[in-house]
Structures are given as structure tokens and as C-alpha cells.
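J.: Residue numbers (my numbering), protein chains in the order written: chain A, 1 to 357; chain B, 358 to 447. Backbone N, C-alpha and C define an ideal beta-carbon position, used for all residues, glycine too.
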Amino acid sequence: MGVAVLIGSKKGAFLLESDSARRDWRVRGPYCEHWPLTHVAADPTQQTIYATGGNAWFGPAVWKSNDGGAAWTHSSKGLAYPQGETPVQCAWVAHAAHGRLYVGVEPAGLFVSDDGGESFREVEGLRRHPSRPQWQPGGIGLVLHSIVSDPVDPRRLWVGISSVGVFYTEDGGETWHPRNSGTRCDYLPEGERYPELGQCVHNLTLASGHSNRLYQQNHCGMYRSDDGGASWQSIEDGLPSSFGFPVAVHPRDADTLFFLPLNGDTKGRYPPDARAAVWRSRDGGAHWRDGRAGLPQAGAYFGVMRQAMATDAFEPAGVYFGTSNGSVYASRDEGETWECIARDLPAISSVETMMAN
Amino acid sequence: MSAPVVVRLPFLLTALFPGAERIVRIDAETVDEVMNALEERWPGMRDRLCDTTPAIRRHINVFVEGKRVRLDERLPPGADVFILTAVSGG
Numbered sequence: 001m002g003v004a005v006l007i008g009s010k011k012g013a014f015l016l017e018s019d020s021a022r023r024d025w026r027v028r029g030p031y032c033e034h035w036p037l038t039h040v041a042a043d044p045t046q047q048t049i050y051a052t053g054g055n056a057w058f059g060p061a062v063w064k065s066n067d068g069g070a071a072w073t074h075s076s077k078g079l080a081y082p083q084g085e086t087p088v089q090c091a092w093v094a095h096a097a098h099g100r101l102y103v104g105v106e107p108a109g110l111f112v113s114d115d116g117g118e119s120f121r122e123v124e125g126l127r128r129h130p131s132r133p134q135w136q137p138g139g140i141g142l143v144l145h146s147i148v149s150d151p152v153d154p155r156r157l158w159v160g161i162s163s164v165g166v167f168y169t170e171d172g173g174e175t176w177h178p179r180n181s182g183t184r185c186d187y188l189p190e191g192e193r194y195p196e197l198g199q200c201v202h203n204l205t206l207a208s209g210h211s212n213r214l215y216q217q218n219h220c221g222m223y224r225s226d227d228g229g230a231s232w233q234s235i236e237d238g239l240p241s242s243f244g245f246p247v248a249v250h251p252r253d254a255d256t257l258f259f260l261p262l263n264g265d266t267k268g269r270y271p272p273d274a275r276a277a278v279w280r281s282r283d284g285g286a287h288w289r290d291g292r293a294g295l296p297q298a299g300a301y302f303g304v305m306r307q308a309m310a311t312d313a314f315e316p317a318g319v320y321f322g323t324s325n326g327s328v329y330a331s332r333d334e335g336e337t338w339e340c341i342a343r344d345l346p347a348i349s350s351v352e353t354m355m356a357n
Numbered sequence: 358m359s360a361p362v363v364v365r366l367p368f369l370l371t372a373l374f375p376g377a378e379r380i381v382r383i384d385a386e387t388v389d390e391v392m393n394a395l396e397e398r399w400p401g402m403r404d405r406l407c408d409t410t411p412a413i414r415r416h417i418n419v420f421v422e423g424k425r426v427r428l429d430e431r432l433p434p435g436a437d438v439f440i441l442t443a444v445s446g447g
């Protein structure tokens, strides 16, 4: 058994491969013709790797490889809004579930492929939501960047759109409902900081083995929901900042999760005091502990983007993150100690894992 | 049938379509018809060059006889059509 760490970067995809010991790493790439990629992720049931991106020359596309990254094809067939509407600029995130591939795009919308990424059609219900005229772009644009699916019920999906918020469907995408109660907007006037939508969700994930526990990193806070997003509770007490981008969960323990707080949206968006740390909770966010051993403790002025932290399925679990200055750090012991396993790659936008036989 | 136009494609584009040629002769009276003919030969190529406005992508330039043109430009018989990637990226 081995693991491939899938890297999405500003200049293509890279694969970092190792065996179960996770001590020696081999770097392969760049793939996808140096396209700027926002996300590289696997469909573990098919051993297929998907990469999403938007090229300044050639537009949006979804790349895929069926042979572990050796050969790649690309498609944007059907990945389009009707003529006359603002065209799709970028395929932003890929999520494989229940035999389907979901893709979130900019401007915000959701597409689905039933043929393994060869062609796509829009999940039109989302953009039919009556709030659509109010959706306003965040710093990266009006982007649907997070897709979460119920592992049991294929009709249940959550998506995150910055800076619009979380939406939920339980009918396969026909109707959608905002799921932002309890998440705040510090950038709105006092007394108006808990609207129905307009929240700047940064990343969203489902706790392992659960259908209703979600974790969220928001522009304004870290949150947990135990009711499928109907209500959110802040879990940021004990963390050095309420700001960051990624959240990752343990592969087996629903109470264990990882954040990587940055110092704040107006303070440079790098690790607090330029000292890197991944913060872990073993109790669903009630208490936090920082893991720093092996991470730079001075001069760490990098960012870590919303899809750029992941775990593997080994025991103990591996944790990985990639930085805006092209380094990848790995922990073999669930965040206690770290080492740099790649450096000087292009700016990293995403980190995912794929277990391999 | 009038003389086909001669279309020159950029390397970065043909690299995305295995087997695609850099110089193509196409029977077309407009740039839009050129794009459709390219799509027919190499499915997906029109999406790489045009968006759904429909328009030529912002960082793709199509030149005919020294002039940058749009999709609706009419082409004289035998015209030289240059499709180029603009200066872009970092």
C-alpha cells in the first residue's frame, strides 16, 4: 500500500508518491500542460485523477488521468452557461461521489458528469435559487469552491460559495437551501452580522463516518455543525486566529480535525508571528493543540489555500499541506511532527491524497 | 467552391490535441466557420478558442491580413488566418 499526494499548482499538477512508511518521496510532474490548476483530486473507486483549472488562453477545463498520472485528457463539453450569460471562467473544484463527478465553477455554479468527466451538464437548481441576484464575489471571484456529499444518500449535497455561503440540497440538486445560521460576517455593520447568506465560507468538509457533522473554515471563524448545516457553532476558542482557509478531517475519527490558522485577513494572511503550525482537535473543536515540530518557526510568510490540506488513510493518519511558495509538508503521526517533502514547486492551490495498492 | 483559407494554429493549442496539425486548410467564409471546422476535426478545440458569449477568448488573437478580427469577420478566398496566443501569464 502506498500513497500519492496530489498537488494542484499554478503551473500544472504534481504527484508525490511514497510507500506506507512515508519516508522517501518521489516527485512526478508537472502535468496538464502547465495549466493553472485550482484542484487535483481522485475518485478512489476508479483510481481516476481529476484536475480542474482555468487557462488565461484556453478557458476552463477538467483534466483526467486513468493511469496514475502518466497520460491526461481534458474536456469542457457542456461545462458552459447558456449563450449571453457570463461564460464559465474556471473549473474550480472536483468531487467524485456515487459514480458521478461534480464540478464547481466560477462564476458560481455546479455541474455534474455521469460519464467520468467526458461531458457535463449544469445542476440548474442552484442558480435558480431566488437569492442568486444577491450573490456577490469574494476576493477570488464568485466561486463555488467546496462540494461535500453524504456518503450514504446521493441526493444530499452541500456546496460552499465565497462570499455567498453554504447551500444544501436533499433532492439531488433540484432545490437548495442556505445553511449559514450561526456563521458570522465581521465585515457587516453591527447588528447585521448573522444574515441568511453572504457569509464568506472558505472550506467545508464532512466528519468521517457521519452524515450530518460538518466542519467549516470561514473568513470569520471556525465552525462545527451537528445537524447537516442547519446550525453552526463556533469552535475557534483556543486557536490563535479566526482566519484561515483549509480544514481537514481524520480518516476515521469524527472528533479529530485540523486547521491551519493564518494571522488575519488584514495582517498579511501568513501564519501568526510567521511561525507555522497546524492545530489539531481530538474532541470536535472543544480543545486545540498546535503541532510545530519540523515546521519553520521563523520567517514563514507563506499562505495555505482552501484546498491545500489533506489527510491519508494510514494508521496513524498522515497530514499534508502545501504552501503558496511551493513547499509541501507532511506528518506521519497525525500532526505531531512534520517534515518538508517537496520545495520550490509553483504556488500550490490544492493538496489531496490517493491511496494506491 | 472557392479557395480554402489557410489557418495557422499555435503550438500551445495543438499540444492539447494529439494529432492536430499546425497548418490547416479549411473551406470557410467566416472566422466562426473556421472555429466550427476545427471543432469537427478535433472535438473540443472550439471551446479552447471561443467562449459561450459567443466570442473569441480574451487572450486568443485571430489575425486576417494583418488585422485582429472577431468571429463574424468574413474571409476572402484563400485568406491566411493566424490564430495566436496573446502575451499572458506569469
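Does the Cβ-Cβ distance between serine 9(A) and isoleucine 348(A) come in under 7 Å?
T.: It is a contact, given that the beta carbons lie within the stated cut-off.
J.: Please report the residue range of the alpha helix (DSSP H) in which glycine 125(A) lies.
T.: Element bounds for glycine 125(A): 124 to 127.
J.: Give me the Cα-Cα distance between proline 137(A) and glycine 376(B), rounded to the nearest whole angstrom.
T.: Answer to the nearest angstrom: the Cα atoms are 40 Å apart.
J.: Going by beta-carbon coordinates alone, are arginine 379(B) and proline 361(B) separated by less than 7 Å?
T.: In this structure, proline 361(B) does not lie closer than 7 Å to arginine 379(B) by Cβ.
J.: Give the single residue among Thr169(A), Gly229(A), Val304(A), Gly53(A) whose Cα lies nearest to the Cα of proline 261(A).
T.: When each option's Cα is compared against that of proline 261(A), the closest is Val304(A).
J.: Going by Cα to Cα distance, which pick from Gln216(A), Ser231(A), Ser131(A) is closest to leucine 197(A)?
T.: Per the Cα distances, Ser131(A).
J.: Name the residues in the region 371 to 387 of chain B whose C-beta lies less than 7 Å from a C-beta of chain A; which are they?
T.: Those residues of the region 371 to 387 of chain B that come within reach of chain A (Cβ to Cβ, closer than 7 Å) are Ala372, Leu373.
J.: Less than 7 Å between CB atoms is the rule here; does alanine 417(B) satisfy it with respect to chain A?
T.: According to the sequence provided, residue 417(B) is isoleucine. The question's alanine does not apply to it. Isoleucine 417(B) counts as touching chain A.
J.: Of all the beta strand (DSSP E) runs that stay within the bounds of the region 372 to 407 of chain B, which reach a length of 3 or more residues?
T.: Segments of the beta strand (DSSP E) lying fully in the region 372 to 407 of chain B: 380 to 383.
J.: Can you give me the C-alpha to C-alpha distance between glutamine 217(A) and phenylalanine 321(A), rounded to a whole angstrom?
T.: Each residue's Cα considered, the two are about 15 Å apart.
J.: Can you grab the Cα-Cα spacing for the pair alanine 443(B) / serine 208(A), in whole Å?
T.: Distance between the alpha carbons of alanine 443(B) and serine 208(A): 46 Å.
J.: Using a Cβ-Cβ cut-off of 7 Å (strictly less than) and excluding sequence neighbours within five positions of valine 123(A), which residues of its own chain qualify?
T.: Closer than 7 Å at Cβ, skipping near neighbours: Leu110, Phe111, Val112, Gly173.
J.: What does lysine 77(A) touch in chain B if you count any residue whose Cβ is under 9 Å from its own?
T.: In chain order: Pro400, Gly401, Asp404.
J.: Nearest to threonine 256(A) by alpha carbon, out of Gly318(A), Ser18(A), Arg275(A)?
T.: Nearest C-alpha to threonine 256(A): Gly318(A).
J.: Does any residue of chain B bring its CB to less than 7 Å from the CB of alanine 56(A)?
T.: Interface residue, yes.
J.: For the putative contact between phenylalanine 243(A) and methionine 309(A), defined by C-beta atoms under 8 Å, what is the C-beta separation to the nearest angstrom?
T.: Not confirmed; about 15 Å, so no contact.
J.: Would you be able to state if there are at least three C-beta pairs under 8 Å between the region 291 to 307 of chain A and the region 267 to 275 of chain A?
T.: A contact exists between the region 267 to 275 of chain A and the region 291 to 307 of chain A.
J.: Pull up the DSSP beta-bridge partners for arginine 28(A), would you.
T.: Leu15(A), per the DSSP bridge assignment.
J.: Terminal residues of the continuous beta strand (DSSP E) containing asparagine 218(A)?
T.: Unbroken beta strand (DSSP E) run through asparagine 218(A): 214 to 218.
J.: Using a Cβ-Cβ cut-off of 7 Å, state whether threonine 408(B) counts as contacting chain A.
T.: Per the sequence shown, residue 408(B) should be read as aspartate rather than threonine. True, the Cβ-Cβ gap to chain A drops below 7 Å.
J.: Check whether the region 16 to 27 of chain A and the region 78 to 94 of chain A touch, using three or more Cβ-Cβ pairs below 8 Å as the test.
T.: Touching, no, given that fewer than three Cβ pairs across the two stretches are closer than 8 Å.
J.: Measuring only between beta-carbons, confirm whether arginine 365(B) sits less than 7 Å from chain A.
T.: No, its Cβ sits nowhere closer than 7 Å to a Cβ of chain A.
J.: In chain order, what residues of the region 28 to 59 of chain A put their CB closer than 7 Å to some CB of chain B?
T.: Result list: Glu33, Ala56, Trp57, Phe58, Gly59.
J.: Looking at the C-beta of proline 87(A), does it have a partner C-beta in chain B at a distance below 7 Å?
T.: It does; some Cβ of chain B falls within 7 Å.
J.: Report yes or no: is there a C-beta of chain A within less than 7 Å of the C-beta of arginine 427(B)?
T.: Closer than 7 Å: no.
J.: Please report the distance separating the alpha-carbon of valine 388(B) from that of arginine 365(B).
T.: Spanning the two alpha carbons is a distance of roughly 13 Å.
J.: Could you work out which residues of chain B lie near glutamine 83(A), taking near to mean beta carbons separated by less than 8 Å?
T.: Here the neighbours are Thr409, Thr410, Pro411.
J.: With a floor of 3 residues, list each beta strand (DSSP E) that falls wholly inside the region 93 to 177 of chain A, ordered by position along the chain.
T.: Listed in chain order, they are 100 to 106, 109 to 113, 143 to 149, 157 to 162, 165 to 169.
J.: Whose C-beta lies closer than 7 Å to the C-beta of isoleucine 413(B) among residues of the same chain, with five residues either side of it excluded?
T.: Excluding residues within five positions, the ones whose Cβ falls inside 7 Å are Leu406, Cys407, Val419, Arg427, Leu428.
J.: Less than 8 Å between the CB atoms is what I'm expecting for leucine 373(B) and histidine 74(A), so what's the real figure, rounded?
T.: Their Cβ separation, rounded to whole angstroms, is 7 Å, which keeps leucine 373(B) and histidine 74(A) in contact under 8 Å.
J.: Out of Thr86(A), Ser65(A), Tyr31(A), Ala70(A), point me to the one whose CA is closest to proline 411(B)'s CA.
T.: Nearest option by C-alpha distance: Thr86(A).
J.: Three or more C-beta pairs under 8 Å: does that hold for the region 391 to 399 of chain B against the region 338 to 355 of chain A?
T.: The region 391 to 399 of chain B, when compared against the region 338 to 355 of chain A, does not touch it at the 8 Å Cβ threshold.
J.: Mind pulling the chain B residues with CB within less than 7 Å of alanine 80(A)?
T.: Within chain B, the residues near alanine 80(A) are Thr409.
J.: Within the 7 Å Cβ cut-off, does arginine 414(B) reach chain A?
T.: For arginine 414(B), the answer is yes, since a Cβ of chain A falls inside 7 Å of its Cβ.
J.: DSSP three-state label for glutamate 33(A), please.
T.: If DSSP states are grouped into helix, strand and coil, glutamate 33(A) belongs with the helices.
J.: Take the Cβ of histidine 287(A) as the centre, count every other Cβ of all protein chains shown within 10 Å, and call the residue buried at 16 or more, exposed below.
T.: It counts as exposed.
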